[in-house]
Amino acid sequence: AASSTDQISLLKSVDQKYQGAQSVVMNAKKITKGGVFDQLEESEGMLYVQKGKLRLEVQNKEKEKSLVVADGSYVWLVTPPPAEFKSAKTQVVKAPMSNKKASSQGLLKILSEGGILKYFKITSVKSEASQSIYMLKPLKESPELTKAELTLDSKEKQIAALKYWDSVENETGYQFSKVKFNEKVDKGLFQYTPPANANVVTP
């Protein structure tokens, strides 16, 4: 369905709310679908956003953790080894924010790099109860990001969920809850130094 004036207004209002906040802190549930057998993996944790910077910490049911830190200059993708492999190294990808693979992440574009309409155009909108669901197409498409779906809570004027897909239809989704604006956030959360024995790769 074509987007209405009210739906465009809601999107702009939510966008401005997030971009104008000193910080946004929320619970995040991450769901990925993909692979040869269309595998489903879920993990939960916390997401912190502050003026162009981002930190996402999640853990799956097997207690395996992952971390994403965008410090304003670089994006750090951190995968610690499973607890049973004590001698294994932490795997770290360090990429400049301008790197195509790093900047293609829908989460970064929408929440930390200046907003929704700066990077996406609306292809369709539908409304369900108190939610508006926007299908988005990136203005600069890449193999890592071909389309996105943004769900807004119309009443709270918040982002309730976000999904995005790559060129082979691997899906990454997030559900957000307990969203708090302008909370005091430790600046150290947006800094990252890899362990001395980490395997650091720069694409």
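In our numbering, each residue carries its 1-based index in the sequence shown increased by 254. Even glycine gets a Cβ: it sits at the ideal position worked out from N, Cα and C.
Check: Would you call residue 269 buried or exposed, if buried means 16 or more other Cβ atoms sit within 10 Å of its Cβ?; Outcome: buried
Check: Since residue 454 contacts residue 346 with CB under 8 Å, what's their CB separation in whole angstroms?; Outcome: 5 Å
Check: Using a Cβ-Cβ cut-off of 8 Å (strictly less than) and excluding sequence neighbours within five positions of residue 326, which residues of its own chain qualify?; Outcome: 306, 307, 351 and 444
Check: Beta-carbon separation of residue 282 and residue 428 under 7 Å?; Outcome: yes
Check: Quick check: what's the CA-CA separation for residue 292 versus residue 339?; Outcome: 27 Å
Check: Going by the DSSP bridge assignment, what does residue 435 pair with across the sheet?; Outcome: 278
Check: Verify whether the separation of the beta carbon atoms of residue 221 and residue 403 is less than 7 Å.; Outcome: In the structure as shown, the chain begins at 255 and stops at 457. Residue 221 is therefore absent and cannot be evaluated.
Check: Look at the alpha carbon of residue 274 and the alpha carbon of residue 387, and state the distance between them as a whole number of angstroms.; Outcome: 22 Å
Check: Just verifying my parser: in three-state terms, what is the DSSP assignment at residue 299?; Outcome: strand
Check: So, with DSSP's three-state summary, where would you put residue 325?; Outcome: coil
Check: Please classify residue 393: is it buried, with 16 or more other beta-carbons within 10 angstroms of its beta-carbon, or exposed?; Outcome: exposed
Check: Relative to the C-alpha of residue 381, which candidate in 301, 408 and 341 has its C-alpha closest?; Outcome: 408
Check: Could you have a look at residue 430 and say whether DSSP puts it in helix, strand or coil?; Outcome: strand
Check: Starting from the C-beta of residue 287, find all residues in its chain whose C-beta is less than 6 Å away, skip the five residues before and the five after it, and write them out in chain order.; Outcome: 294 and 425
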